[in-house]
Amino acid sequence: MPPPVGIIKLNFNVSLDKPIQLGTRGMNIDHHETLVTAFSRNSRVGLAIKAKVLTLLEDLKLAKANSLFTLLDEGVSNSPISDKLEGEKLVEVYGSDYGDTFSPVAKIASVRLLLSMATMCSWPLYQLDIKNVFLHGDLVEEVYMEQPPGFVAQGESGLVCRLRRSLYGLKQSPRAWFGRFSSIVQEFGMLRCTADHSVFYHHNSLGQCIYLVVYVDDIVITSSDQDGIQKLKQHLFTHFQTKDLGKLKYFLGIEIAQSSSGVVLSQRKYALNILEETGMLDCKPIDTPMDPNVKLVPGQGEPLGDPGRYRRLVGQGVLYKNRGHTQVVGYTDADWASSPTDRHSTSGYCVFIGGNLISRKSKKQDVVVRSSAEAEYRAMALATCELIWLRHLLQELRFGKDEQMKLICDNQATLHIASNSVFHERTKHIEVDCHFIREKIASGCVATSFVNSNDQLADIFTKSLRGPRIKYICNKFGAYDIYAPA
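For the sequence shown, the positions run 33 to 518 when the working numbering is used.
Okay, structure coming up:
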């Protein structure tokens with residue numbers, strides 16, 4: 033007969049007939065794992081509790097191995113922070129218990145660029161995962177916590193934990209972790225990009241290179257030097273509890289398949305999960321996600337019960353190929369005063385590197401513009417900023433040729449404003465944007481050109497379109513049905 037479930041308490045006061053006592057001086061976690069495994073094998077609730085306790089025991093193992101804290105007399109701390117090691121709310125004061133909390137994460141455009149680079153150079157892509165990342169960061173502040181209830185060794189009940197490393201729940205943990213990871217990677221000889229601090233690179237005297245991008249605990253590595261990859265992995269294994277996931281297959285919700293034809297980026301699994309969640313697996317498909325004849329106005333219609341479901345529907349599959357060049361080309365577009373409530377316009381752009389879609393954006397403009405040319409010009413300024421950033425990133429990574437970037441627009445008036453140092457009554461109030469774009473054109477950094485509206489690929493980011501138009505643009509993006517017959 034299984035023991036009663038109540039013997040294991042959810043607040044982590046783990047006990048058999050009496051509490052399990054675990055201290056940092058005489059901790060025997062393996063023994064208690066054996067005891068916990070014997071609990072409630074036939075009880076669903078008991079199994080759930082057992083899994084939670086085993087997770088906590090694993091965290092305590094890691095805490096001990098990483099010297100997460102040291103025990104001190106309670107009187108040493110003037111203002112201890114109470115924490116149950118996991119999950120409970122902390123009361124921290126800015127300036128004393130923590131300082132800056134910002135931690136960079138990789139831009140999705142940087143991830144796509146790395147995948148495109150690997151495709152164009154036929155490099156392998158590998159993935160690593162680091163366990164319990166927030167337990168690895170070095171703390172600068174003086175932070176204390178209470179010992180976890182039920183895990184206090186005999187003779188240590190009057191002591192508190194002085195944290196030496198970060199902990200889940202601390203506001204500064206993400207920043208502390210990234211700082212530690214950056215220093216370890218740079219010890220290997222890699223440099224951190226100034227354009228994206230989550231991207232690291234290394235070039236040796238033989239012309240070989242290693243690239244790494246990190247998103248919290250997920251790491252992607254590609255290189256022309258297979259031996260260098262193994263050395264980098266070993267360096268990370270030495271400092272962190274790291275799992276080698278082999279070839280890159282799944283990253284940030286994107287399925288990635290590598291083949292001789294290129295690299296396929298797909299969100300099929302993600303889309304199927306959404307359809308299953310919304311009960312629409314057997315629904316009849318339509319050729320456009322939005323009705324081109326409908327203008328959405330706040331306060332009209334029935335609001336969505338769960339707006340998050342709609343926001344998660346965006347996604348597509350894209351094929352990255354090696355097309356034999358690394359030219360940077362951007363398409364920029366805007367509608368005019370399309371918002372029925374405030375008459376603001378919408379900017380949109382997409383950027384290709386080597387023919388592969390790397391960056392895309394749709395953004396409502398902040399001001400009311402007086403003409404379609406001004407709306408297009410503000411969209412051009414937004415796209416130019418992205419082109420300059422990508423150029424900086426490519427130069428740091430020493431990838432591709434340092435050649436002129438192209439910016440394509442379907443508005444002749446906008447192109448004339450960009451190319452001619454003339455102001456008149458309709459454009460004098462956008463002088464700052466004019467000088468910014470004109471400077472880049474005059475320096476040869478960016479060259480503008482005209483495209484017919486039918487071939488304007490950024491059109492899809494500014495307004496709702498009909499099915500055939502969507503299909504045409506998506507094909508230009510490299511999207512296709514990987515399950516379609518050959």
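All C-beta atoms, glycine included, are put in the ideal place defined by N, C-alpha and C. Just so it is clear, the structure is predicted and the values come from calculations on it, not from any experiment.
Residue i vs residue j beta-carbon contact at 8 Å
| i | j | result |
| --- | --- | --- |
| Leu-426 | Thr-480 | no |
| Tyr-352 | Leu-147 | yes |
| Ser-142 | Val-231 | yes |
| Ala-490 | Ala-445 | no |
| Tyr-409 | Cys-382 | no |
| Ile-469 | Met-412 | yes |
| Leu-145 | Ile-385 | yes |
| Gln-436 | Gly-476 | yes |
| Leu-195 | Val-165 | no |
| Ile-31 | Ser-453 | Only positions 33 to 518 of the chain appear in the structure, and residue 31 is not among them; the question remains open. |
| Ala-407 | Ser-377 | yes |
| Ile-251 | Leu-167 | no |
| Gly-499 | Asp-323 | no |
| Glu-178 | Val-192 | yes |
| Glu-227 | His-424 | Note that residue 227 corresponds to Ala in the displayed sequence, not to Glu. Going by C-beta atoms, Ala-227 is nearer than 8 Å to His-424. |
| Val-295 | Ala-150 | yes |
Nearest-angstrom Cα separation, counted from residue j out to residue i
| i | j | result |
| --- | --- | --- |
| Arg-402 | Asp-442 | 18 Å |
| Asn-236 | Asn-484 | 45 Å |
| Val-360 | Lys-438 | 6 Å |
| Asp-374 | Asp-365 | 20 Å |
| Met-222 | His-234 | 5 Å |
| Phe-493 | Thr-133 | 33 Å |
| Met-152 | Arg-355 | 7 Å |
| Leu-422 | Ser-371 | 30 Å |
| Trp-368 | Leu-264 | 51 Å |
| Ile-253 | Ile-261 | 7 Å |
| Phe-431 | Ser-379 | 29 Å |
| Gln-299 | Asp-276 | 23 Å |
| Ser-496 | Glu-471 | 33 Å |
| Lys-121 | Ser-205 | Here Lys-121 scores only 46 on pLDDT, less than 50, and its place in the model should not be relied on; the value that follows carries that caveat. Using only the alpha carbons, I get a separation of about 14 Å. |
| Gln-266 | Lys-433 | 33 Å |
| Gln-258 | Thr-310 | 44 Å |
| Ile-462 | Val-399 | 11 Å |
| Leu-307 | Leu-284 | 19 Å |
Assumed close pair residue i, residue j - CB separation to whole angstroms, cut-off 8 Å
| i | j | result |
| --- | --- | --- |
| Leu-280 | Thr-274 | About 15 Å; that fails the 8 Å criterion. |
| Ser-198 | Gly-169 | 4 Å |
| Phe-272 | Val-246 | Actually they are not in contact, since the Cβ atoms of Phe-272 and Val-246 sit about 11 Å apart, beyond 8 Å. |
| Gln-240 | Leu-157 | No, Gln-240 and Leu-157 are not in contact; Cβ-Cβ is about 16 Å, not under 8 Å. |
| Val-350 | Leu-419 | Not really, about 20 Å apart at Cβ, beyond 8 Å. |
| Leu-429 | Tyr-243 | 7 Å |
| Pro-136 | His-229 | 4 Å |
| Leu-304 | Ile-286 | That belief does not hold up - the Cβ atoms of Leu-304 and Ile-286 are roughly 14 Å apart, past 8 Å. |
| Ser-292 | Trp-155 | So it is not a contact: roughly 13 Å between Cβ atoms. |
Where residue i falls: helix, strand or coil (DSSP)
| i | result |
| --- | --- |
| Gly-386 | coil |
| Val-446 | According to the sequence displayed, residue 446 carries Thr and not Val. Three-state result, Thr-446: helix. |
| Ile-462 | helix |
| Thr-254 | strand |
| His-234 | strand |
| Cys-241 | strand |
| Phe-509 | helix |
| Gln-218 | helix |
| Leu-171 | coil |
| Asn-177 | The question names Asn, yet the displayed sequence has Met at residue 177. It is a strand residue. |
| Leu-191 | strand |
| Gly-362 | strand |
| Ala-490 | helix |
| Val-165 | helix |
| Arg-498 | coil |
| Tyr-200 | coil |
| Ala-150 | helix |
| Val-478 | strand |
| Leu-351 | strand |
| Val-184 | coil |
| Leu-313 | coil |
| Val-326 | coil |
| Val-246 | strand |
Cutoff 8 Å: residue i Cβ touching any chain C Cβ
| i | result |
| --- | --- |
| Tyr-282 | You won't find chain C in this structure, because it holds only one protein chain. |
Contact test: residue i Cβ vs the ligand MG heavy atom, cutoff 7 Å
| i | result |
| --- | --- |
| Pro-330 | No copy of the ligand MG occurs in the structure displayed, which carries no ligand at all. |
| said: To test your reading of the DSSP string, which unbroken beta strand (DSSP E) runs of 3 or more residues are found completely within the stretch 260-304? | reply: Taking only runs of at least 3 residues, the beta strand (DSSP E) segments lying wholly in the stretch 260-304 are 274-279, 286-291, 294-298.
| task | Scan the stretch 374-445 and note each continuous beta strand (DSSP E) run of 3 residues or more that stays entirely inside, going in chain order. | result | Qualifying beta strand (DSSP E) stretches, in chain order: 378-385, 388-396, 437-441.
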